[in-house]
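So that you can map any letter, position 173 of the sequence shown is 173 in the UniProt record's numbering, and since no number is skipped, the others follow by simple counting.
Cβ atoms here follow ideal geometry from the backbone N, Cα and C, with glycine treated the same way.
Bear in mind the structure is a predicted one, so any value in this text is a computation, not a measurement.
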Amino acid sequence: MQERINTSIRTEVLGKLEELARQHQVTIISAIESGSRSWGFPSPDSDYDVRFVYAHAPEWYIQLDPERDVIELPVNAVLDIGGWDVRKAMTLANSGNSVIQEWLISPLVYREDPQRAALLREMVARTFNAKATFHHYSAMAHNMIAALDAPDIKLKRFFYISRATLSALWVMREHTMPTVVFPDLLQALTDDVAVLEAFQRQIWDKATKTEAETGAVDPLCMAFVRAAYREVMAADVDKLPPRRRALGNGDLRGFLGLNVQ
């Protein structure tokens, strides 16, 4: 999927990441593309959602007055760049945050420290909370589902509803973190060739339209998403397993290379 990142954009992003690392004196552990490009259904005018996790030198974490744990650049029409400190990332993972889980399995990677990124990926995966993740995706789907009844719907909105609904369905069935790649998610949930082909045509159609444009949604796609949504809303959440494991101070200290007492 690396071809989805324009070469000149990749070069610009890498330059900005290097500048941020130098300016803030941090090490970038992993920098990825989030949003529609990593999900597999970008529009021609989709911006680039660059997200990264970084670490300070160990002494930064033992100061009396904690400093800001987010680094951001002003958003423009092309680039949206922001990152979290690794302690914040671990804390959010413990709380069941699905965003950090998504970042660390994005197929579009700008740069990363292979060893530390793999370790962080494994640590965060251990915190997976099926109930929290199901609620995250099902709530998103619920908040947007009424848009399916509109006479005209933006294809961007249709795919956001579809992704949220099918991600919740995945969690309900598999009790694991869903893939962020929408075509893979879809193929894991249905083997109906007609539905798969209809969605592929819909993705091609979206690739020719701006994010603000509306478009016709194939009835097969619409029916599939509505049926999936009904299944999600009928789910017995109490049957989902609890959080696997919480990260602790020892995990953070070990990751930073501090002596673990």
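Give me, in chain order, the residues of the same chain whose beta-carbon lies closer than 6 Å to that of residue i; leave out the 5 immediate sequence neighbours on both sides.
i, result
"Ala-31", "Leu-17, Phe-52, Tyr-110 and Arg-111"
"Glu-3", "Legend: pLDDT at Glu-3 = 47, less than 50; position of this residue unreliable, value from coordinates given subsequently. For Glu-3, where only same-chain residues beyond five positions count, there are no Cβ hits under 6 Å."
"Thr-133", "Ser-98 and Val-171"
"Phe-128", "Met-177 and Arg-244"
"Ala-130", "Val-171, His-175, Leu-240 and Pro-241"
"Ala-117", "Ile-29 and Ser-30"
"Glu-102", "Val-180"
In the DSSP assignment, find the beta strand (DSSP E) that holds residue i and state where it starts and stops.
i, result
"Trp-84", "79 to 85"
If you compare alpha carbons, which of the options is closest to residue i?
i, options, result
"Val-237", "Glu-59, Ala-139 and Arg-126", "Ala-139"
"Ala-67", "Lys-88, Leu-79 and Met-172", "Note that residue 67 corresponds to Glu in the displayed sequence, not to Ala. Closest by alpha carbon: Lys-88."
"Asn-249", "Met-123, Thr-210, Lys-209 and Thr-190", "Met-123"
"Ile-100", "Pro-183, Pro-74, Val-232 and His-136", "His-136"
"Asp-69", "Glu-59, Asn-76, Leu-79 and Ala-55", "Ala-55"
"Glu-231", "Asp-149, Pro-183, Tyr-61 and Ala-141", "Ala-141"
"Ile-28", "Leu-120, Ile-105, Thr-11 and Tyr-48", "Leu-120"
"Lys-177", "Trp-60, Val-13, Val-225 and Ala-93", "Looking at the sequence shown, residue 177 is not Lys but Met. If we check each option's Cα against that of Met-177, Ala-93 comes out closest."
"Leu-256", "Leu-14, Trp-60 and Ala-21", "Trp-60"
"Thr-214", "Met-233, Ala-118, Phe-159 and Gly-15", "Phe-159"
"Leu-20", "Gly-35, Ser-36, Ser-167 and Gly-82", "Gly-82"
"Val-75", "Val-50, Asp-85 and Pro-58", "Val-50"
"Ala-216", "Arg-226, Asp-113, Arg-126 and Pro-151", "Pro-151"
"Ile-105", "Val-86, Ile-153, Ala-125 and Lys-206", "Ala-125"
"Ala-146", "Gly-96, Trp-84 and Ile-161", "Ile-161"
"Leu-185", "Ile-203, Arg-163, Gln-200 and Leu-14", "Arg-163"
How far does the alpha helix (DSSP H) with residue i in it reach, from first residue to last?
i, result
"Ile-100", "98 to 103"
"Lys-16", "7 to 24"
"Met-144", "130 to 144"
"Val-193", "193 to 206"
"Leu-240", "No alpha helix (DSSP H) contains Leu-240, which DSSP labels as neither H nor E."
"Gln-187", "182 to 189"
Between which residues of its own chain and residue i is the CB-CB distance below 8 Å, once the five residues before and five after are set aside?
i, result
"Val-181", "Met-1, Ser-38, Trp-39, Gly-40 and Pro-107"
In the DSSP output, what is residue i paired with across the bridge?
i, result
"Val-109", "Ile-32"
"Thr-214", "Lys-154"
"Ile-71", "Gly-83"
"Asp-49", "Ser-34 and Asp-80"
"Ala-55", "Thr-27"
Classify residue i as helix, strand or coil using the three-state DSSP reduction.
i, result
"Ala-117", "helix"
"Ala-234", "coil"
"Ala-246", "coil"
"Met-1", "Residue placement at Met-1 is flagged as unreliable, the pLDDT there being 41, under the threshold of 50; the coordinate-derived value follows with that caveat. In this structure, Met-1 counts as coil in the three-state DSSP scheme."
"Thr-127", "coil"
"residue 265", "Here the chain covers residues 1 to 261 and nothing more, so residue 265 does not appear."
"Leu-64", "coil"
"Ile-161", "helix"
"Lys-209", "coil"
"Thr-91", "helix"
"Phe-224", "helix"
"Met-177", "coil"
Only counting the same chain, and skipping five residues up and downstream in sequence, which positions put a Cβ closer than 7 Å to that of residue i?
i, result
"Val-78", "Asp-47 and Tyr-48"
"Ile-9", "Tyr-48"
"Leu-220", "Ala-194, Val-195 and Ala-198"
"Leu-169", "Leu-189, Ala-228, Glu-231 and Val-232"
"Asp-45", "Thr-210 and Glu-211"
"Glu-12", "none"
"Gln-187", "Leu-196"
"Pro-58", "Leu-256, Gly-257 and Leu-258"
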